[in-house]
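Chemist: Sequences listed follow chains A and B, in order.
Position one of the first sequence corresponds to residue 1 (this note's numbering), numbered consecutively onward.
Position one of the second sequence corresponds to residue 1 (this note's numbering), numbered consecutively onward.
Virtual Cβ for every residue (Gly too), placed ideally from N, Cα, C.
Quick caveat, the model's predicted, so the values are computed rather than measured.
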Amino acid sequence: MSDNPVFERIEENIKENDVVLFMKGTPVFPQCGFSSAVVQVLGHMGVKFKGIDVLADPEIREGVKAYSSWPTVPQLYVKGEFVGGCDIIREMFENGELTEFMKTNGVEVNLQDAQ
Amino acid sequence: MPMNPGDIERLIKEALPDATVTLEDLVGDGDHWSATVISAAFSGKSRVQQHQMVYQSLQGRVGGELHALALQTSAPTS
Numbered sequence: 001m002s003d004n005p006v007f008e009r010i011e012e013n014i015k016e017n018d019v020v021l022f023m024k025g026t027p028v029f030p031q032c033g034f035s036s037a038v039v040q041v042l043g044h045m046g047v048k049f050k051g052i053d054v055l056a057d058p059e060i061r062e063g064v065k066a067y068s069s070w071p072t073v074p075q076l077y078v079k080g081e082f083v084g085g086c087d088i089i090r091e092m093f094e095n096g097e098l099t100e101f102m103k104t105n106g107v108e109v110n111l112q113d114a115q
Numbered sequence: 001m002p003m004n005p006g007d008i009e010r011l012i013k014e015a016l017p018d019a020t021v022t023l024e025d026l027v028g029d030g031d032h033w034s035a036t037v038i039s040a041a042f043s044g045k046s047r048v049q050q051h052q053m054v055y056q057s058l059q060g061r062v063g064g065e066l067h068a069l070a071l072q073t074s075a076p077t078s
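1) For Thr99 of chain A and chain B, any beta-carbon pair shorter than 7 Å?
2) Residue ranges of each beta strand (DSSP E) run of no fewer than 3 residues wholly in the stretch 3 to 35 of chain B, ordered along the chain?
3) Which of helix, strand or coil does DSSP assign to Thr77 of chain B?
4) Are the CB atoms of Val6 of chain A and Glu91 of chain A within a distance shorter than 7 Å?
5) Look at the alpha carbon of Phe101 of chain A and the alpha carbon of Val41 of chain A, and state the distance between them as a whole number of angstroms.
6) So that I know if they touch, is there some Cβ in chain B lying closer than 7 Å to that of Thr104 of chain A?
7) Report buried or exposed for Val27 of chain B, applying the criterion of at least 16 other Cβ atoms within 10 angstroms of its Cβ.
8) Keeping to the same chain, check which residues put their C-beta closer than 6 Å to that of Asn13 of chain A; ignore five residues upstream and five downstream.
9) Taking a cut of 9 Å between CB atoms, which residues from the stretch 62 to 84 of chain A lie near chain B?
10) How would you list, in chain order, the residues of chain A whose beta-carbon sits under 8 Å from the beta-carbon of Gln52 of chain B?
11) Do you know offhand how far Ala19 of chain B's Cα is from Ala41 of chain B's?
12) At least one CB of chain B closer than 7 Å to the CB of Asp87 of chain A: is that the case?
13) Can a CB atom of chain A be found closer than 7 Å to the CB of Val62 of chain B?
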């Protein structure tokens, strides 16, 4: 498993960036409702993140699923750790857990007013 | 090729025999499901681990044959 060269690329990204979202489309133009929902949550929290468009990179698209044993995209990583997909992120955001989690991990949170 | 809800429930229960599975067809196309799964096997597991257990029970169908499965998992409260 660890000799999979894609895993190295994934690890580089999630180690060099505190918050990484593997998603379909880009943060500005998400191409899937689930990816868009996570982008909205992060935007609402004012959390800076790196978005990686798996549609632009089929190798990463398949690789990230194997990497986390998680069958779907989006996937959110904080400080190199897989946190969850859309359902988990939404649930954690709604009950306030995600804000706490980010703060515990030293990620800056600036909650934005609802638009 | 949408999946039949009976098959979804059966596969989850084969892996988690005590599970209570509630399925909801989110948009009425038989292809976007929401599942609430309650099983004692989830106690002490993280949310990610709980979802991974359900994905494993569906043997690679999530993201493929089963296009979308919104999941909510929990251990029974007693």
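Modeler: On the basis of the coordinates in this document:
1) In the first sequence, residue 99 of chain A corresponds to position 99, counting from 1. Not one chain B Cβ lies under 7 Å of Thr99 of chain A.
2) 20 to 25
3) The residue you call residue 77 of chain B lines up with position 77 of the second sequence. Thr77 of chain B: coil per DSSP, three-state reduction.
4) Start at 1 with the first residue of the first sequence, and residue 91 of chain A comes out as number 91. Start at 1 with the first residue of the first sequence, and residue 6 of chain A comes out as number 6. Contact: no.
5) As a first step, residue 101 of chain A is located in the first sequence; it is residue number 101 there, counting from the start. As a first step, residue 41 of chain A is located in the first sequence; it is residue number 41 there, counting from the start. Cα to Cα, the separation comes out at about 14 Å.
6) Translated into positions along the first sequence, residue 104 of chain A becomes position 104. With respect to chain B, the C-beta atom of Thr104 of chain A has no partner C-beta closer than 7 Å.
7) Position 27 of the second sequence, counted from the first residue, corresponds to residue 27 of chain B. Counting Cβ neighbours within 10 Å, Val27 of chain B comes out exposed, since fewer than 16 surround it.
8) Here residue 13 of chain A refers to the residue found at position 13 of the first sequence. Contacts found: Val20.
9) Lys65, Ser68, Ser69, Trp70, Pro71, Thr72, Val73, Phe82, Val83, Gly84
10) Start at 1 with the first residue of the second sequence, and residue 52 of chain B comes out as number 52. Neighbours of Gln52 of chain B on chain A, chain order: Ser69, Trp70.
11) Mapped onto the second sequence, residue 19 of chain B falls at position 19. Mapped onto the second sequence, residue 41 of chain B falls at position 41. Spanning the two alpha carbons is a distance of roughly 8 Å.
12) By 1-based counting over the first sequence, the position of residue 87 of chain A is 87. It does; some Cβ of chain B falls within 7 Å.
13) Along the second sequence, one-based indexing puts residue 62 of chain B at 62. So, interface residue.
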